[in-house]
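Structure record follows, encoded as structure tokens.
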Amino acid sequence: MNTVFLTIVFLPLLGALIAGLAGTAVFRYAGSAPPAVEHADDGEGHHHAHDGPRWPMLLTTGLLIVIAVLSWYAFFDVAAGHTYRVVVAEWLRSGRLVAPWALRIDMLSAVMLVVVTTVSAVVHVYSLGYMSHDPHQPRFFAYLSFFTFAMLMLVTSDNLLQMFFGWEGVGLASYLLIGFWYTRPAANAAAIKAFVVNRVGDFGFALGIFATFAVFGSIEFTAIFEAAPAMAGKTFPFLGGEHDILTTICLLLFMGAMGKSAQFLLHTWLPDAMEGPTPVSALIHAATMVTAGVFLVARFSPFYELAPAAQNVVILIGAITAFFAATVGLVQRDIKRVIAYSTCSQLGYMFVAMGVGAYGVGMFHLFTHAFFKALLFLGAGSVIHAMSDEQDMFRMGGLFPYLKKTWFFMLVGTLALTGFPFTAGYFSKDAIIEAAFAAHSQPGMFAFWMLVIAALFTSFYSWRLMFLTFHGKSRVSRETLARVHDSPPVMILPLYVLAAGALFAGVLFAGKFIGASEAVFWGKAIYRGPHNEILHLMHETPAWAKYAATVMMAAGFATAWLFYIASPAIPEKLAEIFRPLYLFLYNKWYFDELYERIFVRPAFWLGRLLWKGGDGKVIDGFGPNGVAARVLDVTAWASRLQTGYLNHYAFAMLLGLAALVTYLMMMGG
Amino acid sequence: MHNDLFFAARPEIALGLMALALLMIGVFRKDKSADLINSLSLLALGVAAFMVIFMSGEGKVSAFNGAFVTDGLARVMKALALFASALAIIMSVHFMKWEKMERFEYPVLIVLATLGMMTMISAAGLIALYLGLELQALALYVLAAMNRDSTRSAEAGLKYFVLGALSSGLLLYGASLVYGFAGTVSFAGIATAIKGGMHVGVTIGLVFILAGLAFKISSVPFHMWTPDVYEGAPTPVTAFFAAAPKIAAMAVIIRVLYEAFPAASDQWRQVLIFMSIASMALGAFAGIAQQNIKRLMAYSSIGHMGYVLIGLAAGGQMGLRGAIIYLVIYLVMTAGVFACIIAMRRDGRAIETIEDFSGLARHNKGLAFALAMLMFSLAGIPPLAGFFAKYFVLLAAIKAGMLTLAIIGVLASVVSAVYYLRIVKVMYFDEPRDAVSPMPMELKLIIALATIFVLGFAAWPGPVVTLAQSAIVAFL
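Line by line, the protein sequences give chains A and B. Using this note's numbering, read the first sequence as starting at 1 and increasing by one per residue. Using this note's numbering, read the second sequence as starting at 670 and increasing by one per residue.
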């Protein structure tokens, strides 16, 4: 089995290296890549064909399909009760700090393995069609494969340092892929934004790692999880107060999770990340990377279970995110942004589950969400592809007759997302709402109501998206309409995989993930405190709370139908009457503007001050430039000594001689 | 052992006779004889070198009742001086034709100067030392003023002569002081005389002798003649000045300090350290302002001599070996650079300002590359030979506990890198001018060999290290 895990983790890296190094070189010499500048205003960029070899793309895709199959094999093996620890090599050893390079395979990582490799394989195949006109395909596929490697490294990590390696690796891949069309300023800005905002979270994450090492003297999961109970309730003094150690570590780690998973306050990069190619949005910004934060909390369940205060923070942030993102999703016009906010919102759901201690439930939603959200994104990509890069839903409408297959996939995705009975979301999302109710705590109840309202909004904006895109009166120009066509098979076939997941993942796996035998299924991968009876309590949820979500789903559908099919005048009127509210939501609660004022501008001001004043005047002034200027002064002085007069020269010689003799006299005397 | 009257001095005697013969041939054949005399002079130097290496006995051999000695140090340094002199003649062949100053006296003077150097190197007493030094110096004064039609050349010769006379006076004064207190002129005798304690008069005499010798290696503060003479003298003469006399004078300094004044090492080490630091610093700083490449090379040589002095001051096997390795590498680098300078002509006019090098790399890739490598090497950038030259002396200084000296050496090399790198920058990044005229074969060869040497030293340092080792092995 060890070979299987090594293969799963390292094949994508191999593919990325081959495609990235050899593949791009082949392309260059094929002379087919047009200059990037021509590509500038070309939207999603399918207009420049290429005729380079296709093997780099086929290679990476092939490898991904292989490891996806292997991952499912590994998943069922681990589900049968096995766990593995594969030591690859010793990474570093410095004093007490020991970090082996090892793969930790338990149920938690096995779930992530199948999610990551399956969606990645699907996205690779889909991209063969979607990116087929792009001149830089080998680079794209190399990035995708590299991302997969980093993500697998993250989920199989055996210690915090290795996790940080993967964590930063996916961040890098995300940055590279958001800015893939690097000739577009918006893409570059979005890439930098994603990177910088994640820096904030990673700062907390890094502090959490340091704190863990300082407290436990180790960063290996096995060791620190075993030592955690002994630390429970202990405090450390800081700034005149006593603080709980585990709570502090958990909050610091959660800060990293908030950045990566785009939680409230650190969410601003995710919608902008939609500047990247749509397959990237599906893979990284819906199914996998953004769930790394959720995974982190689940992995650290032995810590969180002992830090109730931190758990409450997780619940609150998750609930607020779920609600906030859903409200913003209500009014967006850009089809990808709606789905992006939906992702943000769903991640909030997962964190609520984590916070109330229902780790299995949260992981289950992560699992099902990966399928239907990737499906929605790829479906949206199909629409955008067909519409010649149009993303504004208000310039679509009535596309159903032209895009029947895409419509079907979008419908499946929407049903799963809104929690239509017996689809994937119905099992996982509704379970989270129940769990929040079952927590019977103040934060839990707050989260319950937030999530119920968010469920209503989710249903509304999802159906709004469906209606605006596929139904009602067409707002598409005649020329565009003439070109609208369903995507080629290479983009359609992989969607069947996701559609199957979106429809059946709930039915098939609910029993294992959140059913009666879930404790056996998760094994030691998830730790539950002695007082954690959340799954038991979930079964005692009153009926009204159980069906609240389904009712909301229906209500959302009805409203959307009323607004966008029956009488399309209503939303415009509402927007006029509640104009401030509409603008507030449309502008995403003005977070970008707020951050611009309080962070970006002062940061630029400070940066400019340090650059011009600190670096330029002080360091350069007294450092390199100052020294250089003094050198020139000395030089001028030394040159002046060389007068050309013989008597000066002779004088200098005798003076030197006298000085030497005097010096020796003094020394000798 | 052949300690008879003349045996050890046979190469010198032969070279002297040949020089006189050459002079006769020249006089009788008038000015048309330059080519012939050039060839014959090279032959004479070759013969002398052959005799130095193969016909001067083994180990330590002396002549003239101990006033003249041939040992490992003498053989190696003489061979180097002969080699440098030969290069100076080879480099002059075309230059003299271009400048219309072909004269048979030039090679003969070089041969006579070389004879003086060989005598200096082998001197085992103050009188032999002065004889050799003066023979060498008189030839050099004339060489500096070779281009009689040029006021600058005449000025260079005159300045060199006056200041040289002053330095000779200092040296003689010091020698008489030492003789007065020690009662002998032989190095071995002086060493015995001062073993038990040194009169202050001997210290003063030592400083005066060192001042006279420091003038020859253009060490600060006895360096003032260097830039003016380097600039004014015809370029092949400058090339000669930059190499052979420095080697000879360094050999003499080593011999005087280690054979005559080992007991006064505390005193002379202070003097060497002072001169070393002053030379490195002045060479580094003053070089930056130079526009004329020959003047720049003058400051460069001042600085490099400072580094050689580090090796001398550090002393011991490592220090002296480092100093001699430095001299060998310096000799090759300087020869290469001056060959480049001589080779660079445009429209029948020599190029001497650094501005004229601009964009050289566009039309003369090979030449620019060679000069760039030589400049990098002079600056001491690894893995070129110049780096190892500095590395060995600095290492010796550190081992000898002279950390401050080593640090100053490193800092000075950073500053001096400015003007070496500027030349590379001008050649590679500035607006190109016209190509330079094609160069003759022998210059190409010298440049190519020098470049190969600086590039290949790191891979094959053995021969140079062995040579330096053989120079000092019997000496300490």
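All residues carry an ideal CB built from backbone N, CA and C; glycine is no exception.
Partners in chain A for residue i, counting only beta-carbon separations shorter than 7 Å
i	result
B/P896	Q642
B/V1095	Chain A residues near B/V1095: none, gap ~17 Å exceeds 7 Å.
B/L835	A650, M653
Residue i CB to nearest heavy atom of the ligand NAP below 6 Å
i	result
A/G179	What this structure holds is no ligand at all, so the ligand NAP is not there to describe.
Close-in-space but distant-in-sequence residues of the same chain around residue i (CB under 7 Å, 5 per side omitted)
i	result
A/F591	T268
B/F891	S836, A880, A883, F884
B/F676	G726, V730, A732
Exposed unless 16 or more other CB atoms sit within 10 angstroms - verdict on residue i
i	result
B/F1098	exposed
A/F5	buried
A/D392	exposed
A/M1	exposed
B/R817	exposed
B/M724	exposed
B/S1046	buried
A/P56	buried
A/D202	buried
A/R478	exposed
B/M944	buried
Per-residue DSSP class, three states only, for residue i
i	result
A/E242	strand
A/E305	coil
A/Y84	strand
A/W181	coil
B/I946	helix
B/G794	strand
A/A358	coil
B/V1134	helix
A/L266	coil
A/P35	At A/P35 the pLDDT is 42, less than 50, meaning the model places this residue with poor confidence and gives no usable figure here.
A/F420	coil
B/E820	Looking at the sequence shown, residue 820 of chain B is not Glu but Thr. Three-state result, B/T820: helix.
A/D334	strand
A/L403	coil
B/V730	strand
Residue i versus the options, residue with shortest Cα-Cα distance
i	options	result
A/L330	A/V412, A/W463, A/A416, A/T278	A/W463
A/A257	A/I526, A/V313, A/R96	A/V313
B/R1102	B/M1071, B/R1031, B/F1126	B/R1031
B/A947	B/M1071, B/V889, B/Q1138	B/V889
A/F460	A/T327, A/A569, A/W91	A/T327
B/T907	B/G685, B/S970, B/A1104	B/S970
A/D430	A/F409, A/A455, A/P443	A/A455
B/P903	B/A1119, B/I1011, B/A1117	B/I1011
Chain B contact residues for residue i, given Cβ-Cβ distances below 9 Å
i	result
A/G276	Near A/G276 there are no residues of chain B at all, since even the closest Cβ is about 39 Å away, more than 9 Å.
7 Å Cβ cut-off: residues of chain B touching residue i
i	result
A/A635	Note on identity: in this sequence residue 635 of chain A is Thr, with Ala being the wrong assignment. Those within 7 Å of A/T635 in chain B are F954, A955, I957, A958.
A/G656	P890, F891
A/S639	A955, A958
A/R661	The sequence shown places Val at residue 661 of chain A, rather than the Arg named in the question. By Cβ distance, chain B contributes I873, V876.
A/A672	The question about residue 672 of chain A has no answer, for chain A in this structure spans 1 to 669.
Close beta carbons around residue i, own chain, < 6 Å, minus the five adjacent residues each side
i	result
B/G988	G980, A1065
B/E771	A703, M765
A/F351	V314, G318
A/L417	F372, G425, S462
Chain B contact residues for residue i, given Cβ-Cβ distances below 8 Å
i	result
A/V631	F954, I957, V1084, V1087
A/L239	Result: empty, since nearest Cβ-Cβ is about 45 Å, beyond 8 Å.
Partner residues on chain A for residue i, Cβ-Cβ distance less than 8 Å
i	result
B/A880	M653, G656, L657, L660
Cβ shell of residue i (< 8 Å), same chain only, five flanking positions each side left out
i	result
B/Q960	T1022, I1023, E1024
A/A40	Here the model assigns A/A40 a pLDDT of 37, short of 50, so the residue's position is not dependable, and the following value carries that caveat. Same-chain partners within the cutoff: T183, R184.
A/V197	G259, L266, T268, W269
B/I779	S710, S754, A757, I758, A808, L812, F909
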